[in-house]
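Below is one structure, written out as C-alpha cells; comments come after it.
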Amino acid sequence: MSAGPVIERRTQGLRASMGRIYATFIKELLQLRRDRITFATMIVIPLFQLFLFGYAINTDPKHLPTAVLIQDESAFARSFLAAMRVSEYFDIRTSATTEAELDHLILSGRVQFGVQIPAHFGRDLIRGERPSVLVIADASDPVATGGAVSALQGLSSSVFSRELTGPVADLAPKALPYELRIHRRYNPTGETRLNIVPGLMGTILTLTMLIFTALSVTREVERGTMESLLAMPIRPVEIMLGKIAPYLAIGGLQAGLILGAAKLLFGVPIIGSLVLLVALTLLFILANLSVGYTFSTIATSQLQAMQMSFFFFLPNILLSGFMFPFRGMPGWAQAIGEILPLTHYLRIVRGIMLKGAGFVDLQADVLALAAFTLAAMTVAVLRFRQTLD
Amino acid sequence: MSATPAGIPGPATDIVIDVQGLTKSFGGRTVVRNLSMQVHRSLIYGFLGPNGSGKTTTLRMLCGLLTPDGGSGTCLGYDIRTQSSEIKRHVGYMTQRFSLYADLSIRENLEFVARVHNIADPRAAAWDAIRRLGLENRAEQLAGELSGGWKQRLALGACILPGPRLLLLDEPTAGVDPKARRDFWDEIHALAYEGITVLVSTHYMDEAERCHEIAYIAYGDLLMQGSVEEVIANAHLATYTVTGPGLADLAEHLKTLSGIDMVAPFGTALHVSGRDPDALDTATRDLRKSGPQVWTPGHASLEDVFIDLMSRTKDNFA
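Same order as they appear, the protein sequences are chains A and B.
FYI, in full-length UniProt numbering the residues of the first sequence are 1 to 389.
FYI, in full-length UniProt numbering the residues of the second sequence are 1 to 318.
Here you go:
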C-alpha cells in the first residue's frame, strides 16, 4: 500500500472546525445505531417512566374513604350524603359520633375526608340562616384531595333541588342556601394534578440526557480509543459539540414523545406557544447534556460517571419543585434549587403548558438555563485533558 | 507526499525529529531521562528496549500527548511543547492498543479519520485506503471483528490516510503472526521509500535488523544509537560460537567463569561473549583446547548486544 496522492485540505477556520464537529457527530450517531440496547432505552425509558409515573400517580382518585358526623336528622342531611356518594369521589365508610372521633379518623389516616353536618342543619336551612357543612380534607396529599374537593363544590348547588320545593322554593335559585366550609388541612396551597405530567417531562429528560453524555468520554478512555483521538488534530470543544449533537436530536425526539402522550393520554393542555416550548426544551436538554459531559471529563470510569449522574439527579428531583412545592421549601433548599436546571425548566414548562406564559414572562429562567449551560460547557472544555499527563 | 513545502533542499531540513534532554517522570519515578535523538528524513528508526523502558512515553512526548518535564526539541520543525496541534496534523501515531472504533465498520472508521483531518471527500479517501489495504469486500465489516494482523494493517492504513510526514508506531506487530509481520514491514519499507519517516518501537530482533537505524533505551536512558552495524561494533563484544555435545552443562560452567559476560544458546549452538576480548580468551583457553565442543570465533549478533545491554542496565538499576 502507498501513502496515497496529495490531499488538499483546509484545516483552519470555522468551516474546518465545523467539519471536525461533523466527523464526531457522524461517528457518535453510527455508534449509537450499533448499540441497540442503548438506542432502545432512549425510546423506551421515557415512555415507560411516563406511563409508570403518570398512571401510578393517579391525579384524580375516586372512592376516597370518608367519615361522617351527622348531628341533624333532617332530609337535607340525608340528601347531602346521597349526593356525595353519587359523585363517586366519596366512599362513606364510617359514622363518627363526636367531633373528637372524626378528628382522630382524619389524623390517623383511616379516612381522607370527614363531613360534619351540624345540629339543626335542616331547620336553619329552611329559615335561610345559611348553616355550614364542614368538610375536612386530609390535604397532606393535595393531589389526592383536589378532585374530590372540586366535585364537592360542584354538587352543592344542585343537591337540595328536590327538597327545596313548595313553600321553601324561593330559597333554591339564590346562591347557596348553606355555606360549604372546606378546610384543607396540612397543606393549604393544594397543587393541581396538571403539575405532574409537565414535571415528569423535565425529570425524564434530566435522567436520560445526563446518563448518555456522562458515559461518552469515559467510554473512549475505557475502550482505549481516547489516545488516538487525542493524537488527531481535533480540539476539545469540537469533540464536545460533536458528541453532544446527536443526543440533542434524541432528546428532542423524547420530548416529542412525552408531549404527545401528555396531551393524548393525560389530557394536559398546551396553552402557550408550542414553538417556544420546543425551543426552551432543547435549551434544557442542552443544559443536561453539558452537565453529563462535564461529569464524563471528571470521572475515571463509566461506573463513576453513572454515580455522579445519580448524585446530581437526586437534588434535581427533590429540590426543583417536582416533588415538593418550591415555595414550601426552606430558604437554603430554595437556594440550591435555583442552581439546578430542572427548577427553571419546571417553571418554564408549567408556565407555557398550563398558564400560557410567553418568553417575556420566562426570561429570567431562560437566562438562568443558558448561563448554566455555558458554565457547564466551559468547565467541560477546561477539564478535558488534551494530553495524557 | 504532503501539501506543505517539505522538499526544501539542504541538510538542515533533513532532520525530522530533533530533541535534546527530554525528561519525564510520573509520581516521582523517572521514566525518560535526558533523552536526545535525531532522526533523519525517510529513515526507519527502530526504538528498542525492555518493557517499561520509556519507549511509549518518548513517542507520546514527540506527538504532543505528553508534556516533557525537561528538555526541548522539534518534530517536523514544530516545537514539541508549543505546536502540538501542528504536529498532530502531520504525524500519524499508531498506539500499542487497537485504537479504532470496534463498533464502527472499516469504512466508517476511515471516513471518521478523513473527516477529522478535513479531507474534502472523506468517502473517496476512505475507499482509496480500503483499496490500498485490499479490503474492498470487507469494507462494511466491523473493525472489532478483524483478526489481529488485519487490525494492525487497518490501524496503519488509518494512520497514513491523511498523508502524514512522520509515522510513530508503538509496537505495531505485538501479537501478530510472522506472515502478517512481514507484510506489515514490507509496507513500512514502501512508505519510507516514498519519503515518510518512521519511528517504530519493537521487541523483535529481526524487526530491529530491518531498521535503517536503531536506538536502545533502557530504564529511561538512551544507551546506544546508530545503524545495526555501528551498534554491534560499538558494543565491542567478542564472541565465540560453540557447537558440539553437552552444551547445556558447558553453559552452566561458563557462567561461573570471570571474563565471560554472556552465555546464550542459539539452536544447536552456544554464543559466548565478553566485553574484554583478552579476558574472554584467557577464561576459555583450556576449554577451547580440550573440547569436545568446537569453538569458532564469531561476530556478536544484535541480540547478543541487546541481551548484554539489558543485563548491564539491570545491574545498574535493579
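Using N, Cα and C, we set each Cβ at its ideal position, and we do this for glycine too.
Chain A has no Cβ within less than 8 Å of the Cβ of B:D79. In this structure the region 322-332 of chain A does not touch the region 348-356 of chain A; the number of beta carbon pairs closer than 8 Å is below three.
Partner residues in the beta bridge of A:R9, as assigned by DSSP, are B:I119.
Counting only runs that start and end inside the region 29-117 of chain A, the alpha helix (DSSP H) elements of at least 4 residues fall at 36-56, 75-86, 99-107. As far as DSSP is concerned, A:K355 takes part in no beta bridge. Residue contact with chain B for A:R34: present (Cβ-Cβ distance below 8 Å to some residue of chain B).
Within chain B, the residues whose beta carbon sits less than 7 Å from that of A:I234 are V116, listed in sequence order.
A direct Cα-to-Cα measurement between A:A364 and A:G242 gives close to 29 Å. DSSP, reduced to helix, strand and coil, places A:R327 within a helical segment of the structure shown. Three or more beta-carbon pairs drawn from the region 169-176 of chain B and the region 192-204 of chain B are found closer than 8 Å, and the two stretches are therefore classed as touching.
Of the candidates A:V268, A:E222, A:S17, A:I339, the residue whose Cα lies closest to the Cα of B:H117 is A:S17. Neighbours of A:Q31 in chain B, taken as residues whose beta carbon is under 8 Å from its own, are Y101, D103, L104 in chain order.
Here the C-alpha atom of A:Q254 lies approximately 13 Å from the C-alpha atom of A:P198. Its chain contains S273, G274, R275, D308 as the residues whose beta carbon lies nearer than 7 Å to that of B:D261, once the 5 sequence neighbours on both sides are disregarded; these appear in chain order.
The criterion of a C-beta distance shorter than 8 Å is satisfied by B:L59 and B:L199. B:I130 does not reach chain A, its nearest Cβ partner there being about 10 Å away, counting only Cβ pairs nearer than 7 Å. Here the region 98-113 of chain B lies against the region 21-30 of chain A, with 3 or more beta-carbon pairs under 8 Å apart. In the structure shown, B:D261 falls within a coil segment according to DSSP collapsed to helix, strand and coil. B:L223 sits away from B:L35, with the two beta carbons spaced by 8 Å or more. The three-state reading of DSSP puts A:T294 in helix, counting H, G and I together.
Look at the region 238-267 of chain A: it has no residue with a C-beta under 8 Å from a C-beta of chain B. At least one CB of chain A lies nearer than 8 Å to the CB of B:F112. Annotation for B:G92: the continuous beta strand (DSSP E) segment containing it runs 91-94. Contacts between B:L154 and chain A, judged by CB atoms closer than 9 Å, are missing: the closest CB pair is about 11 Å apart.
Using a Cβ distance threshold of 8 Å, B:V113 and B:P162 count as a contacting pair. Cβ-Cβ separation between A:A67 and A:L102: approximately 6 Å, consistent with a contact (criterion under 8 Å). The Cβ-Cβ distance between A:Y345 and A:L367 does not fall below 8 Å. Across the structure, A:R219 and A:A335 are spaced so that their CA atoms are roughly 34 Å apart. By the rule that beta-carbons nearer than 8 Å mark a contact, B:R138 does not touch chain A. With a threshold of 8 Å between beta carbons, A:E227 makes contact with chain B. For the region 370-387 of chain A, the beta-carbon criterion of a distance under 9 Å to any beta-carbon of chain B is satisfied by Q386, T387. The beta-carbon distance between B:P68 and B:M61, rounded to whole angstroms, is 5 Å. This is short enough to meet the 8 Å contact definition. Close to chain A, meaning a Cβ-Cβ distance shorter than 7 Å, are the following residues of the region 164-197 of chain B: E187, A190, L191, E194, I196. About 6 Å separates the CB atoms of A:L257 and A:L47; that is less than 8 Å, so the two are in contact. Assignment of B:C75 by DSSP, reduced to helix, strand and coil, places it in the strand class. For the 8 Å CB-CB criterion, B:S72 and B:Q141 do not form a contact.
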